[in-house]
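Accompanying notes for the structure given below.
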Amino acid sequence: MEQIFFILLGLWTLGAALLVVTTRNLLHAALWLIAAFFGIAGIFILLQAEFLAVVQVLIYIGAISTLIIFAIMLTRRLMDPQQPRFNSQWGLVGGFAALLFVGLAAVVTRVAWPVAAGAAVADPIGRLGADFVGPYTVPFEVASVLLVAAMIGAIIIARERE
Amino acid sequence: MEYISNLFVNLGNSWTALLSSFLPSWAVTLVNHLVVAVLLVLMPVIATLTLTVMERKVIARIQNRIGPNRVGPWGIFQAIPDAIKLLTKEDIVPERADKPVFNLAPLLIFVGAALLWAVIPFGRGVIGQDLNVGVLYLVAVGSISTIAIIMAGWSSNNKFALVGAFRIVAQLLSYEVPMVLSMAAVVVLVGTMKMGEIVEIQTIPFGLVLPAAFITYILAAAAETGRAPFDLVEADSEIVAGYFIEYSGLKFGWFYIAEYGNLLAVSAIASTLFLGGWRGPFADQWPVLGPLYFSIKTILIVFLLMWIRGTWPRFRIDQMLALAWKVLVPLGLFNLLWVAAVVKLPVAVGLQWLLVLAGNVVAIMVTLTLMGQAAKRYAAARGVASAA
Numbered sequence: 074m075e076q077i078f079f080i081l082l083g084l085w086t087l088g089a090a091l092l093v094v095t096t097r098n099l100l101h102a103a104l105w106l107i108a109a110f111f112g113i114a115g116i117f118i119l120l121q122a123e124f125l126a127v128v129q130v131l132i133y134i135g136a137i138s139t140l141i142i143f144a145i146m147l148t149r150r151l152m153d154p155q156q157p158r159f160n161s162q163w164g165l166v167g168g169f170a171a172l173l174f175v176g177l178a179a180v181v182t183r184v185a186w187p188v189a190a191g192a193a194v195a196d197p198i199g200r201l202g203a204d205f206v207g208p209y210t211v212p213f214e215v216a217s218v219l220l221v222a223a224m225i226g227a228i229i230i231a232r233e234r235e
Numbered sequence: 023m024e025y026i027s028n029l030f031v032n033l034g035n036s037w038t039a040l041l042s043s044f045l046p047s048w049a050v051t052l053v054n055h056l057v058v059a060v061l062l063v064l065m066p067v068i069a070t071l072t073l074t075v076m077e078r079k080v081i082a083r084i085q086n087r088i089g090p091n092r093v094g095p096w097g098i099f100q101a102i103p104d105a106i107k108l109l110t111k112e113d114i115v116p117e118r119a120d121k122p123v124f125n126l127a128p129l130l131i132f133v134g135a136a137l138l139w140a141v142i143p144f145g146r147g148v149i150g151q152d153l154n155v156g157v158l159y160l161v162a163v164g165s166i167s168t169i170a171i172i173m174a175g176w177s178s179n180n181k182f183a184l185v186g187a188f189r190i191v192a193q194l195l196s197y198e199v200p201m202v203l204s205m206a207a208v209v210v211l212v213g214t215m216k217m218g219e220i221v222e223i224q225t226i227p228f229g230l231v232l233p234a235a236f237i238t239y240i241l242a243a244a245a246e247t248g249r250a251p252f253d254l255v256e257a258d259s260e261i262v263a264g265y266f267i268e269y270s271g272l273k274f275g276w277f278y279i280a281e282y283g284n285l286l287a288v289s290a291i292a293s294t295l296f297l298g299g300w301r302g303p304f305a306d307q308w309p310v311l312g313p314l315y316f317s318i319k320t321i322l323i324v325f326l327l328m329w330i331r332g333t334w335p336r337f338r339i340d341q342m343l344a345l346a347w348k349v350l351v352p353l354g355l356f357n358l359l360w361v362a363a364v365v366k367l368p369v370a371v372g373l374q375w376l377l378v379l380a381g382n383v384v385a386i387m388v389t390l391t392l393m394g395q396a397a398k399r400y401a402a403a404r405g406v407a408s409a410a
């Protein structure tokens with residue numbers, strides 16, 4: 074049963090992701106990206122990670138997609154199907170993308186991930202919160218510093234010159 | 023007597039027992055989930071059929087009119103002819119609209135309004151699904167409607183629709199922050215995100231322990247539902263009707279249903295988080311009273327929001343944003359920090375709640391003083407006579 078749902082969700086996510094890069098209409102691409110995010114949220118629910126699923130919906134669909142759509146609306150000629158899909162840098166970017174894919178694939182397949190047997194822990198959210206301020210304090214704080222830096226940067230860029 | 027005292031849970035158990043007598047267990051689960059899902063999905067529709075009449079009556083009374091009084095006693099069936107009129111209207115799609123997106127937007131906004139009801143506790147044990155991420159789930163599902171609104175505004179291929187969509191997105195994103203901060207204060211105080219447990223712990227309504235969070239939530243809720251005084255997103259005199267200007271017939275109806283469904287949902291969340299949900303006199307001995315108390319509290323909040331709508335003038339967009347970012351967000355942040363610090367103090371829970379209340383009262387007073395000073399500076403800078 075779970076297997077069937079996983080395959081369906083995987084196909085849905087992959088199909089939507091494929092449409093993101095092939096559709097000629099930028100706004101439709103953003104909407105297909107949202108569909109792909111929903112598929113990923115579904116996979117999190119299958120893995121009994123409700124917290125991650127809800128955060129996926131909240132951050133990726135509620136916030137980041139909205140920003141992407143705003144950015145798209147500020148670009149020129151977004152509906153023009155005559156727009157070229159590639160620019161002169163496609164080779165370089167494609168190379169980096171392939172490298173990233175190979176790197177991620179190597180990490181995912183090579184590392185022996187510790188898998189605990191049996192059911193999920195009783196209070197996963199409490200555990201997550203305790204771990205964030207316990208063994209994983211430094212990465213957590215580094216992420217916070219990064220976000221604060223991004224926020225201050227945005228304010229400085231958006232500020233009117235005096 | 024025993025049966026009636028906990029009528030809703032017992033009814034559910036009897037229903038399950040009846041089904042189990044002739045269905046396998048997986049089919050019983052499936053049927054039960056479907057029945058609950060249909061009941062909860064109907065909530066926005068029920069909200070529309072009842073709250074539209076209530077709203078017209080309340081606003082009419084505030085404006086010294088009578089309001090609808092032709093259909094049924096006191097006009098309580100007014101919503102039915104309105105709904106039939108909406109159903110018989112022609113379905114118009116603008117010629118240069120982005121058709122798939124245009125048709126998908128009303129559906130998505132209704133889904134967002136309906137999903138909210140899954141975690142709202144109507145009584146002890148009367149809840150769709152007591153998720154352990156309940157409060158966060160509400161916030162996440164609420165953010166789906168933002169996407170639906172952008173889709174509607176963009177695909178209509180209409181300037182007013184797009185301006186309306188931009189306005190409402192700015193408003194929704196801004197007011198989501200104080201709303202989440204006020205909900206987070208409750209979550210930190212009780213230490214759980216389960217909606218059912220939040221009600222169980224609330225021996226005193228949290229509106230009396232966290233008045234600042236309660237006020238912030240009510241203001242943010244009025245903004246999130248796009249109601250006056252935050253109705254500049256669909257201001258008739260400025261942008262005609264905002265993002266759903268091009269919709270007609272039942273597609274317009276979906277937006278309408280989502281609007282009133284959201285109004286009832288935010289009121290239900292407010293009564294769960296801040297007014298003690300289904301708690302009330304004798305609710306422990308007679309759990310059947312729970313849904314009744316819950317409905318009364320929810321309708322009281324709906325009435326409060328309608329009262330605000332009937333009496334306050336509309337905000338300008340910069341005032342709307344300033345209220346969120348310069349007043350409600352700092353207040354919410356302070357409140358959250360204070361609650362987080364107090365719950366770590368090694369004292370009894372009652373004393374903690376008293377300390378939280380004291381901090382809240384001080385925060386409200388400081389906020390009001392600062393706002394008064396800002397108003398005086400504004401008046402002095404423009405040579406307007408100050409009120410004080």
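Taken in sequence, the protein lines are chains R and X. Going left to right, the first sequence walks through residues 74 to 235 as my numbering numbers them. Going left to right, the second sequence walks through residues 23 to 410 as my numbering numbers them. All residues carry an ideal CB built from backbone N, CA and C; glycine is no exception.
So is P143 (chain X) buried or exposed if we call it buried at 16+ other beta carbons inside 10 Å? buried
Are there any heavy atoms of the ligand HEM lying less than 6 Å away from the beta-carbon of V155 (chain X), as far as the coordinates show? Looking at this structure, you won't find the ligand HEM or any other ligand, since it has none at all.
Do F296 (chain X) and F236 (chain X) have their C-beta atoms closer together than 7 Å? yes
Neighbour list for V130 (chain R) in chain X, Cβ cutoff strictly below 8 Å: A162, V163, S165 and I166
Whose Cβ in chain X lies nearer than 7 Å to the Cβ of T86 (chain R)? Going along chain X, no residue has its Cβ under 7 Å from T86 (chain R), so there is no contact; the nearest lies around 17 Å.
Roughly how many whole angstroms lie between the Cα atoms of A90 (chain R) and V63 (chain X)? 30 Å
Whose C-alpha, out of X:M201, X:V202, X:I386 and X:I172, is nearest the C-alpha of R189 (chain X)? Minimum Cα-Cα distance from R189 (chain X) among the listed residues X:M201, X:V202, X:I386 and X:I172 corresponds to X:I172.
Got a sec, what are the start and stop residues for the alpha helix (DSSP H) D104 (chain X) sits in? A101 to T110
Between X:Q193, X:L40, X:Q151 and X:V202, which has its C-alpha nearest G218 (chain X)'s C-alpha? With distances taken between Cα atoms, G218 (chain X) lies closest to X:Q151.
Hey, out of X:S204, X:V50 and X:L241, whose CA is closest to F228 (chain X)'s CA? X:S204
7 Å Cβ cutoff, G135 (chain R) in contact with chain X: yes
Looking only at DSSP bridge pairs, what is G145 (chain X) linked to? X:V148
With DSSP run on the structure shown, which of helix, strand or coil describes V60 (chain X)? It is helical.
Taking Cβ positions only, does V155 (chain X) come closer than 7 Å to chain R? Interface criterion met: the Cβ of V155 (chain X) is under 7 Å from a Cβ in chain R.
In whole angstroms, what is the alpha-carbon distance linking T139 (chain R) and S165 (chain X)? 10 Å
Can you tell me whether DSSP reads Q224 (chain X) as helix, strand or coil? coil
Taking the alpha carbon of L126 (chain X) as the point to measure from, which residue in X:G97, X:V210, X:R336 and X:F266 has its own alpha carbon closest? X:F266
So V31 (chain X) packs on P313 (chain X), CB below 8 Å; how close in whole Å? That belief does not hold up - the Cβ atoms of V31 (chain X) and P313 (chain X) are roughly 11 Å apart, past 8 Å.
Using a Cβ-Cβ distance under 7 Å, would L358 (chain X) count as near chain R? no
Grab the span of the alpha helix (DSSP H) containing M173 (chain X) for me, first residue to last. I166 to S177
Output the boundary residues of the alpha helix (DSSP H) element that contains E246 (chain X). P233 to E246
Cα separation between N382 (chain X) and L311 (chain X)? Their backbone Cα atoms lie some 31 Å apart in a straight line.
Is the stretch 382-394 of chain X in contact with the stretch 364-374 of chain X, if contact means three or more CB pairs nearer than 8 Å? Three or more Cβ pairs closer than 8 Å define a contact, and the stretch 382-394 of chain X falls short of that threshold against the stretch 364-374 of chain X.
Using beta carbons (cut-off 7 Å, strictly below), is Y278 (chain X) in contact with chain R? Put simply, the CB of Y278 (chain X) is far from chain R, with every gap to its CB atoms at 7 Å or more.
From the DSSP output, in three-state form, read off I228 (chain R) for me. helix
If we cut at 7 Å on Cβ distances, does A89 (chain R) have a partner in chain X? no
Three-state secondary structure (DSSP) of L327 (chain X): Three-state result, L327 (chain X): helix.
Span separating the alpha-carbon of Y25 (chain X) from that of T72 (chain X): Cα to Cα, the separation comes out at about 30 Å.
CB contact check: A410 (chain X) to chain R, cutoff 7 Å: Here the model assigns A410 (chain X) a pLDDT of 49, short of 50, so the residue's position is not dependable, and the following value carries that caveat. For A410 (chain X), the answer is no, since every Cβ of chain R falls outside 7 Å of its Cβ.
Excluding the five sequence neighbours on either side, which residues of its own chain have a C-beta within less than 8 Å of the C-beta of F132 (chain X), listed in chain order? P66, W276, I279, A280 and G283
Check each candidate in R:G226, R:T95 and R:L220 and name the one with the smallest Cα separation from P157 (chain R). R:T95
Alpha carbon of A410 (chain X) to alpha carbon of R404 (chain X), nearest angstrom: Low local confidence applies: a pLDDT of 49 at A410 (chain X) is under 50, so the model's placement there is unreliable, and no value is given.
Spatial distance of F124 (chain X) from P95 (chain X) (CA atoms): 39 Å
I'd like to check one pair, V209 (chain X) with M215 (chain X): are the Cβ atoms closer than 7 Å? Taking 7 Å as the Cβ cut-off, M215 (chain X) and V209 (chain X) qualify as a contacting pair.
Pick out whichever of X:A243, X:V364 and X:Q100 has its Cα sitting closest to the Cα of N91 (chain X). X:Q100
Quick one: is T210 (chain R) near chain X, going by C-beta distance under 7 Å? no
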